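4 protein chains.
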Amino acid sequence: MSLHLGNASGKPSYSFLGPVGTFTELALKQVAGAKSAKARAVDSVAEALDDIAAGRSTRAIIPVENSIEGGVSATLDALATTSDIRIYGEYLVPVNFNLYARKGTKLADVKVIATHPTAYPQCRGWLAANLPGAKHLPATSTAAAAAGLLENNLADAAIAAVTAGDHYDLAVLAKNIGDNKHAQTRFIQVGLPGALPKPTGADKTSVIVELPTDRPGTLLEMLEQFAARGVNLTRIESRPIGDRLGRYRFNIDAEGHVLDDAVGEALTGLHRFSPKVVFLGSYPRADKVQTKPNGNNSNKDFAAGDAWLKHIRSGR
Amino acid sequence: MSLHLGNASGKPSYSFLGPVGTFTELALKQVAGAKSAKARAVDSVAEALDDIAAGRSTRAIIPVENSIEGGVSATLDALATTSDIRIYGEYLVPVNFNLYARKGTKLADVKVIATHPTAYPQCRGWLAANLPGAKHLPATSTAAAAAGLLENNLADAAIAAVTAGDHYDLAVLAKNIGDNKHAQTRFIQVGLPGALPKPTGADKTSVIVELPTDRPGTLLEMLEQFAARGVNLTRIESRPIGDRLGRYRFNIDAEGHVLDDAVGEALTGLHRFSPKVVFLGSYPRADKVQTKPNGNNSNKDFAAGDAWLKHIRSGR
Amino acid sequence: MSLHLGNASGKPSYSFLGPVGTFTELALKQVAGAKSAKARAVDSVAEALDDIAAGRSTRAIIPVENSIEGGVSATLDALATTSDIRIYGEYLVPVNFNLYARKGTKLADVKVIATHPTAYPQCRGWLAANLPGAKHLPATSTAAAAAGLLENNLADAAIAAVTAGDHYDLAVLAKNIGDNKHAQTRFIQVGLPGALPKPTGADKTSVIVELPTDRPGTLLEMLEQFAARGVNLTRIESRPIGDRLGRYRFNIDAEGHVLDDAVGEALTGLHRFSPKVVFLGSYPRADKVQTKPNGNNSNKDFAAGDAWLKHIRSGR
Amino acid sequence: MSLHLGNASGKPSYSFLGPVGTFTELALKQVAGAKSAKARAVDSVAEALDDIAAGRSTRAIIPVENSIEGGVSATLDALATTSDIRIYGEYLVPVNFNLYARKGTKLADVKVIATHPTAYPQCRGWLAANLPGAKHLPATSTAAAAAGLLENNLADAAIAAVTAGDHYDLAVLAKNIGDNKHAQTRFIQVGLPGALPKPTGADKTSVIVELPTDRPGTLLEMLEQFAARGVNLTRIESRPIGDRLGRYRFNIDAEGHVLDDAVGEALTGLHRFSPKVVFLGSYPRADKVQTKPNGNNSNKDFAAGDAWLKHIRSGR
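Chains as they are written, first to last, in the working numbering: chain A, 1 to 316; chain B, 1001 to 1316; chain C, 2001 to 2316; chain D, 3001 to 3316.
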């Protein structure tokens, strides 16, 4: 399904975890230049990545952290196993839930509530206070739950994103019913390998690393590859590799850009250390936090070290 | 809902992530003494833990790793935020999926397949090869999907655990359709704090640890608390704390028992280091792997060190 | 040889690296209560330690760091191989050299200068500027060099400590001729094991540690035994063990007192880690610098950790 | 003083810690091509280095570890403070002491024994057993002690190296009287910067490193610069910097050659980390022990990592 038809080849086009009316659509709206581009809503992270591989879209917008739409694990696992995917940007979306119903429905009438299984427990507090006896009908997305209200009578209301109201002719029974008012979801823009986003001084570099062996201490050794170059981590998250219990890969976000000397050298260290390192990309941070210097690890410091090495190797 | 009514007070009783016919029921069957005990199927991990807190059950069986029934994140987050919960055992269950249908249904007739959203993608390969055009109808559990076949016609078939066949009068259209033949799920038995399981030499100790600050290197420092006492980790998994992006807690399984000197001292080190450590328990490993010695860290080595310290402190 | 005869048994008596007139005598003068005590000048660190073992003295004053009198290596090696020696205090002595001669000698007459081989190069700058052609006559100590002037004519002048002038009837040709005006020597007071000096909050603990094997990383592991308990080092100095090249022991001074929980636990960690740990003592720092807190490692923090461990082990 | 006059300019010439008849002369004899070269015996390590700086010799042979001739500290400190010195080779010399006397002297006649202050205590055991009442007369070197026997009657015997017998017309009263029969001294060949010795696969790289600050943990961080590149250390020895107590520089010998990628990168890491790194050279090990691989840190592994980095940076 297309939100809008891009009118020219060569222009970027976007697949996003749909349907329309979900939080991912709010992330898409943050992408510079996406407004007039072709956008394609898909059913799963896997389908979004398939679109990229097949050339149906040039970029995909998918959730990666604290997702409401079911994204996190699916995304992390897909990134680890799909070859040649790069991240080009990240976007933070506040998570606000509304309770929608067909026009004319009163709160007291609500017995069955449709929504995605991960959204439902995030409204547990409000539901216990306001609709203590209601039942949950699982839906494949919050937007599908909203859309379903207009298609059948299986549910009386739907919990969905604020953007759902733009797409479906529904009434809002209650606003902002999520228990955590500060919740947000992080989305990423991915595509095939291509020119790296330019370093901005407030960048992130994402990699996936497998540990070489089961012996103790290898996680410590892996972290030392970053520490020895003064590179800070903003996130480290383990995920089972999936072939058997007890084997993990680590999703890591580091401060800085792969074109920075410190990050580049840390990555070559990982490459030697690990049986498998996947480079996911370097891109501007959504929060625009500048990389703090950490010891003498600026490009200038690296250049001075390299010049010194060249000198002592020359025998002069 | 009760599988079986225990006939005596004082006896253990079990809540488990239901409904009957799920993988959790297979874990329950591994629990020594659970056969004749009262067992209560519940809808969520949260409900199982509520049962423990309220005294409706003495123990709960819940999935913790590589879950099919939607357990992992829910369990890890519930363990981190529920006070006074202890793990008493762990159980490994092979993950085998069957395709069930109402009697008389042929494979060629299957257009809509009900199952839990996490089970569906695990059968993607078999479905693409055998039922390429089929649609997914999400259900709250694999067992609910199977049960639904007998209640309405929304779906033509259901993907469910082998144990589902014991509970519902359904035909098996295909056996063992999961893409990963070695998949398994790890379950834990939890309850209120009580006498610790005795050390067996093949034990695990589980804790949840928050890092003290955002400064780089704190993860390394936390790992050193284990390394300095020769304690190996079998699992480390980060989970967002949830108050805002960028803050994590670490779910850690370490080799050994809290009654071992090495583990005990490592835990006091964590207690000083971290603003929050949750002790989840020490219990026999499901895989019965003995703790390998790692340097001089046996109880005997600790006793020798303590005797030496006492001697030098005495001024003799 | 006795400086002064103590008049009572039970009183402390001191051996010190002599002869009288050396820097060690200045250290002895800093020892509380040593003024009226029996003091015995000896020829070597080994002789001083022999006096302790044989009961000829209760305490010995010997140089340990940056020594002028030839002490460092001899002391470090003697401490490593003598059993049952404890340090009870440390003393800092500024190193000031004077040039002494027989009365009537003029600077221009000085052709041969007697002094200890380690003192001579410390005055190289002054000598090059003022006595460029002079020759060095080695002596067993700076004081012996001064004394020798009165006994024979082998040398025209002697480089010796300012205290030498108190003992020998000599003229001062030049004052403070050392090249480094901030030089000082650290001395220690040692004796047989006995009641430990009380913790003052500004203490040092000295140990000697052998590494367990030649494999790389063991030095890192040893340092982690201190780091994991938040114990800072003020000195680490390697010395060859002496049985063959390539094997070292480490002389370590750590902040804090062995009666502090953090230091005590770090020492038991060393005891398990190392094939040989020698405890040399805990004593007040000469510079009176208070131990800075380093993470949560106060006795109070340790007590809280121990109480928590007791609680979780109890099964309540 | 010259042992032998080289007859051609352009040929190497050697200063060595003299006089003739010391252990250093035995080291000189191990130097390939030194046999027919001009050799100059000097009085001190400082003088040897002055010869290099002034062009009086092209190379110097000086003791560096476990020295008998008084070398270690002097050498280490001179290397740290002299600019533009490089090590070109190392040599191991067994330490065997003989007791020399004027012809006709009997063992029973020996009352005064001349030798270098560091040699005397190394024969303590033999002296206690065989000459219990003898006195020590310090000499500036073991060879000077031997030579002195022929010049005056201050001593009855001299403890000196076996090579002393080649130069002085003396009788051997006792052979091999050192307490440690396995003692050896390590010597180095130094010169001005020039073409590096070629990597042999059994090389050492020597550096001197100052720690950046007094804060705890900097030694650990320094060691991580080696560990992160899989470079093993064969020696680490601290020496006071000398400006005040409590500041140290570290003399480090690492396995491998500065032309090895792993060593080169470790050195640039040190250069960024430390306020002062002195590169002393890369040269073949005297013991010819091949560098053992330590993780994936061969030049091939480094090249693979660099190629990968180039690839991911290219945006392809």
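Glycine included, C-beta positions come from ideal geometry on N, C-alpha and C.
This one's a predicted model, so the numbers in the text were calculated from it and none came from an experiment.
Residue burial annotation: A:T142 is buried, with at least 16 other C-beta atoms found within 10 angstroms of its C-beta. Taking a contact as a CB-CB distance under 8 Å, the pair C:A2254 and C:N2232 counts as one, their CB atoms being some 7 Å apart.
Within the DSSP secondary-structure output, A:S238 pairs in a beta bridge with A:F250. CA-CA distance, A:K11 to B:E1237, rounds to 40 Å.
Here D:D3169 is exposed, its C-beta having fewer than 16 other C-beta atoms within 10 Å. If you draw a straight line from the Cα of C:L2131 to the Cα of C:I2159, it comes to about 13 Å. Under the three-state reduction of DSSP, A:D156 is assigned to coil, being neither helix nor strand. Looking at the DSSP output, C:I2087 shares a beta bridge with C:V2190. D:V3093 is positioned such that its CB atom lies closer than 8 Å to that of D:Q3184. Near chain C, meaning a CB-to-CB distance below 9 Å, the residues of the segment 3224 to 3245 of chain D are E3224, F3226, A3227, G3230, V3231, N3232, L3233, T3234, R3235, I3236, E3237, S3238, R3239, P3240, G3242, D3243, R3244, L3245. Not a single C-beta of chain D is nearer than 8 Å to the C-beta of A:P117. Collapsing the DSSP output to three states places A:S15 in a strand. In this model, B:S1015 and B:L1026 are separated by some 13 Å (Cα to Cα). With the rule of 3 Cβ pairs closer than 8 Å, the segment 1297 to 1305 of chain B counts as touching the segment 1257 to 1277 of chain B. When Cβ-Cβ separations below 8 Å define contact, D:R3272 makes contact with chain A. Look at D:Q3290 here: in three-state DSSP terms it is coil, with no helix or strand label. For D:D3301, the chain A residues whose Cβ falls inside 9 Å of its Cβ are H271, R272, in order along the chain.
D:L3196 reaches chain A at R313, G315, counting residues in chain order whose Cβ is nearer than 8 Å. With distances taken between CA atoms, A:A147 lies nearest to A:A171 out of A:R124, A:Q290, A:A171, A:W126. Look at B:G1281 here: in three-state DSSP terms it is strand. Taking 8 Å as the cut-off, the Cβ atoms of D:A3080 and D:I3188 do not count as close. When the alpha-carbon of D:K3035 is set against those of D:R3086, D:S3013, D:G3217, the nearest one is in D:S3013.
When only Cα atoms are considered, B:K1103 and B:G1165 end up about 12 Å apart. If you draw a straight line from the Cα of D:D3051 to the Cα of D:D3084, it comes to about 13 Å. Here C:S2044 carries a coil assignment [DSSP, helix/strand/coil].
Non-local beta-carbon contacts of A:P193 in its own chain, meaning distances under 6 Å to residues more than five positions away in sequence, involve D84, R86 in chain order. For chain D, the residues of the segment 246 to 265 of chain A that bring a beta carbon within less than 8 Å of one of its beta carbons are V258, L259, G264, E265, in chain order. DSSP places C:E2065 in the strand class (E or B) of the three-state scheme. Annotated as distal: A:G217 and A:F97, with beta-carbon spacing of 8 Å or more. If you draw a straight line from the Cα of A:P121 to the Cα of A:R186, it is about 19 Å long. In this structure, the CA atom of A:S73 is about 57 Å from the CA atom of B:S1314. Residue pairing of C:E2255 in beta bridges, as defined by DSSP: C:K2204.
For the C-beta of B:P1193, the chain C residues within less than 7 Å are, from N- to C-terminus, G2315, R2316.
DSSP, read as helix, strand or coil, puts A:H271 in helix. For the 8 Å CB-CB criterion, B:T1118 and B:A1157 do not form a contact. A straight line joining the alpha-carbon of B:F1273 with that of B:P1212 spans about 7 Å.
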